[in-house]
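First the structure, in the form of C-alpha cells, and then the observations on it.
Number of protein chains: 2
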Amino acid sequence: MGSDANSDRKQRPLGVFDSGLGGLTVVRELAACLPAEDIVYLGDTARVPYGIKSPETIRRFALEDLAFLLSFEPKLIVVACNSASAAAFEQIVDASPVDVVDVIRPGAAAAVALTDGPIGVIGTEATVASGAYPRAIAALDPRREVIARACPLLVPIVEEGRGEDDPIVLHVLCDYLRELQRRRPGALVLGCTHYPLLAGAIAKLMGPDTPLVNSGRAAALEVQRRLCSTGAANPRDAGGSMHCYTTDNPQRFARLGERFGGRAIDHVAFVGTDELETRPGPVYR
Amino acid sequence: MGSDANSDRKQRPLGVFDSGLGGLTVVRELAACLPAEDIVYLGDTARVPYGIKSPETIRRFALEDLAFLLSFEPKLIVVACNSASAAAFEQIVDASPVDVVDVIRPGAAAAVALTDGPIGVIGTEATVASGAYPRAIAALDPRREVIARACPLLVPIVEEGRGEDDPIVLHVLCDYLRELQRRRPGALVLGCTHYPLLAGAIAKLMGPDTPLVNSGRAAALEVQRRLCSTGAANPRDAGGSMHCYTTDNPQRFARLGERFGGRAIDHVAFVGTDELETRPGPVYR
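Heads up: the sequence lines are chains A and B, in that order. Its first residue numbered 507, the first sequence is counted upward by one per residue in this note's numbering. Its first residue numbered 507, the second sequence is counted upward by one per residue in this note's numbering.
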C-alpha cells in the first residue's frame with residue numbers, strides 16, 4: 507500500500523453494529539482507547555433483540571448490517587453484539603473486505619488471561635445456546651471449565667431504565683447468578699453489551715474473587731492493537747466524530763443511547779430495514 | 507352475494523396475526539367460540555416484539571403481515587396483537603378488502619360494559635404510549651376514568667417460561683400493579699395477549715372487586731357476532747384446522763406455542779421477512 511493509500515486508510519472510520527443500543531457500551535470503550543477515530547454506528551432497533559432469535563435469522567440480519575456499514579468505507583468492522591458475534595462471525599469475516607473484530611473472541615481471551623480457574627459466562631439465550639464462548643475459550647485452553655448461564659430478562663430490564671439498586675434488578679440477578687456464586691469461577695464474562703450497566707451489582711453479588719470481564723472493553727483493546735500493528739490508527743489530535751444510524755425511532759435511540767454510550771448522541775439518522783434488505787452488496791472501493 | 511359465493515365465503519379461513527406467540531391466546535379463545543372455523547396464523551417472530559417499537563415501524567410490519575394473510579383469501583382478519591391494534595388499526599382497515607377485528611376496541615367495550623367505575627389497563631410500552639385504550643373507552647363513555655400502566659417486563663417474563671408462582675413474577679407484578687391496587691378500578695383490561703398466562707396471579711393481586719378483561723376473549727366474541735350476523739360462520743360439525751406461519755424458528759414456535767394456545771401446534775411453516783417485505787399487495791380475488 508502506497509503512503510497516500512495508507513494515509514487515506516488512517517482517516518477512514520470504524521464501522522460498528524449492534525442489534526440496538528447495547529453496542530454503544532462498546533463505542534464507549536472504543537472512544538476511551540482510540541479517541542481520534544471516527545465511528546459510524548448502526549443499531550438495528552426495528553428488529554431488536556437478536557438474542558431470542560435463530561442463528562439463521564441473526565446471520566441474515568448481521569450480513570445486512572455489514573453491507574450497510576461497508577458503504578461508508580470503514581477501515582475495520584466491529585461486531586458489537588454478542589448474539590451476532592456468536593451466530594455470524596465466520597459469515598461476516600467471509601463477506602467483509604476489511605478486518606473484523608467481534609466481542610466474543612477478545613472477551614474469551616481476556617478471561618483466560620485473568621484466571622487459571624473456571625470461567626463464568628452470562629449472556630442472552632442465543633449467545634449461550636450457540637456455545638460460542640466455550641468454543642472460543644477451548645481454542646485457547648482446551649481443558650478450561652466454562653459455566654454459562656442465559657439471563658434473558660437482563661436486556662429488557664436495562665432497556666426499561668431500571669438501575670442497579672432497583673430491588674427487582676437485584677432479585678433477578680440473585681436468581682440468575684445463584685449457581686455461579688456457588689461454583690466461584692475465577693472470572694465472569696459479561697457476554698452481552700447491556701450488562702456493563704449492571705456491572706456494579708453483579709460485582710457485588712459475585713464478590714472480589716471473581717473479577718468481571720467487559721467483552722466490549724476487550725474488543726476495544728483488540729481494535730487498538732490491530733490498528734497500531736498495521737499503522738492504521740488515526741494520528742490526529744482532535745477527537746473523532748460519531749454518526750449513528752438506527753432502523754427505528756431515532757428519538758428513543760438518542761434518549762436511551764446516552765445512558766449506554768456515556769455521552770450525548772448528536773448525530774442519529776433513520777435507515778429503514780427495507781432499505782437494508784434491498785441494499786446491494788459491499789460497495790467498498 | 508349469490509348462495510354459491512356465500513357458501514364459498516363460509517368455508518374460508520380466519521386470518522390471524524401477531525408479532526409472535528402471544529396471539530395464540532386469541533386463537534385459543536377463537537377455537538372455544540368458533541370451533542368449526544379454519545385458522546391461518548402468522549407470528550412475526552423474527553421482528554418480535556412490536557411493543558417497544560415506533561408507530562411507523564409497527565404500521566409497516568402490520569401491513570406486511572396483512573398482505574401475507576390476504577393471500578390465503580380469509581373471510582375476516584383478526585389483529586391479535588395489542589401493539590399493532592394500537593398503532594395500525596385504521597391503516598389495516600383501509601388496506602383490507604375484508605372485515606377486520608382488533609383486540610383493543612372489543613376489550614374496551616367489554617370493560618365499559620362490566621363496570622361504571624374507573625377502568626385499569628396494562629399493556630406494552632407501545633400500547634400504553636399510543637393512548638388507544640383511553641380513546642376506545644372515551645368513544646363509548648367520554649367521562650370514564652382510565653388508569654393505564656406499561657409493564658415492559660411481562661412479555662419477556664412469560665416468554666422465558668416463568669410461571670405464576672415464580673417469586674420474580676410476583677415481585678414484578680407487585681411493582682407494576684401497586685398504583686392500580688391503590689386506586690381500585692372496576693375492571694382491569696389485560697391489554698397484551700401474553701398477559702392471560704399471568705391472569706391467576708394478577709387476579710389474586712387485584713382482588714375480587716376488580717374483574718379482569720381478557721382482550722383476546724372479547725375479540726373472539728366480536729368475531730363470532732360478526733360471522734353470525736352476516737351468515738358467514740362455517741356450518742360444519744367437524745373441528746377447524748389451524749395452519750401457522752412464523753418468520754423465525756418454527757421449532758421454538760411449536761414448543762412455546764403450545765403454552766399460549768393451549769393445544770399442540772401441528773402445522774407450522776417458515777416464511778422469511780424478506781418474503782413479507784417484497785410480497786406484492788393483496789391478491790384477494
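Note that CB positions come from ideal geometry on N, CA and C, so glycine has one too. Every value quoted in this text rests on a predicted model; they were computed, and no experiment measured them.
Subject >> Nearest-angstrom beta carbon gap, B:Arg553 and B:Phe567 [assumed within contact, 8 Å] >> reply: 6 Å
Subject >> Extent of the continuous beta strand (DSSP E) run through B:Leu696 >> reply: Ala693 to Gly697
**OP:** Return yes when the Cβ of A:Tyr751 is within less than 8 Å of the Cβ of A:Leu572, no when it is not.
**Re:** no
**OP:** Could you please give me the residues that DSSP links to B:Asp465 through a beta bridge?
**Re:** Outside the modelled stretch of chain B, which goes from 507 to 791, sits residue 465 of chain B, for which no answer is possible.
Original post:
Should A:Cys539 and A:Leu727 be called a contact, given that it needs their Cβ atoms to be closer than 8 Å?
Top reply: yes
Subject >> Contacting residues, own chain, Cβ-Cβ under 8 Å from B:Arg742 (five flanking each side not counted) >> reply: Ala542
Subject >> Three-way DSSP call (helix, strand, coil) for A:Leu540 in this model >> reply: coil
Subject >> Member of B:Leu660, B:Thr753 and B:Ala619 whose CA lies at the smallest distance from the CA of B:Leu696 >> reply: B:Leu660
**OP:** Given a cut-off of 8 Å, decide if A:Asn755 and B:Lys710 are closer than it, judged by their beta-carbon atoms.
**Re:** no
**OP:** In angstroms with no decimal places, state the Cα-to-Cα distance between A:Glu570 and B:Ser525.
**Re:** 21 Å
**OP:** Please report how far the alpha carbon of B:Ile583 lies from the alpha carbon of B:Tyr682, in whole angstroms.
**Re:** 32 Å
**OP:** Spatial neighbours of B:Ser602 within its chain, please: CB distance less than 8 Å, with the 5 preceding and 5 following residues excluded, ordered by chain position.
**Re:** Leu572, Leu576, Ile583 and Pro788
Subject >> Presumed contact (8 Å Cβ cut-off) between A:Ala693 and A:Val719, rounded CB distance >> reply: 6 Å
**OP:** Please state whether DSSP places A:Val777 in a helix, a strand or coil.
**Re:** coil
Original post:
Are the C-beta of B:Asn480 and some C-beta of chain A separated by less than 8 Å?
Top reply: Since the first residue of chain B shown is 507 and the last is 791, residue 480 of chain B is not available in this structure.
Original post:
Helix, strand or coil: how does DSSP classify A:Val652 here?
Top reply: strand
Original post:
For B:Arg515 and chain A, any beta-carbon pair shorter than 8 Å?
Top reply: no
Original post:
Cα-Cα, which of B:Ala615, B:Ala635 and B:Ala744 is closest to B:Arg723?
Top reply: B:Ala615
**OP:** Could you tell me which chain A residues have their CB closer than 7 Å to the CB of B:Leu659, listed as they occur along the chain?
**Re:** Leu659, Pro662, Ile663 and Glu666
Original post:
To the nearest angstrom, how far is it from the Cα of B:His749 to the Cα of B:Glu596?
Top reply: 26 Å
**OP:** Report yes if the CB atom of A:Val675 is closer than 8 Å to the CB atom of A:Leu704, and no otherwise.
**Re:** yes
Original post:
Going by the beta-carbon positions, is the gap between B:Arg565 and B:Ala593 smaller than 8 Å?
Top reply: yes
Original post:
What are the partner residues of B:His749, as DSSP defines its beta bridges?
Top reply: B:Val546
Original post:
Among residues of its own chain, excluding the 5 on either side of B:Pro717, which ones have a beta-carbon nearer than 7 Å to its beta-carbon?
Top reply: Leu620 and Ala693
Subject >> Where the region 686-709 of chain B meets chain A: residues whose CB sits under 7 Å from a CB there >> reply: none
Subject >> A:Leu718 - containing beta strand (DSSP E), residue span >> reply: Leu718 to Asn720
Original post:
In three-state terms, what does DSSP make of A:Gly706?
Top reply: helix
Original post:
Between A:Ala707, A:Glu562, A:Ala760 and A:Glu685, which lies nearest to A:Ala656 when the distance is taken from Cα to Cα?
Top reply: A:Glu685
Subject >> CA-to-CA distance, B:Arg758 to A:Asp605, given in whole angstroms >> reply: 34 Å
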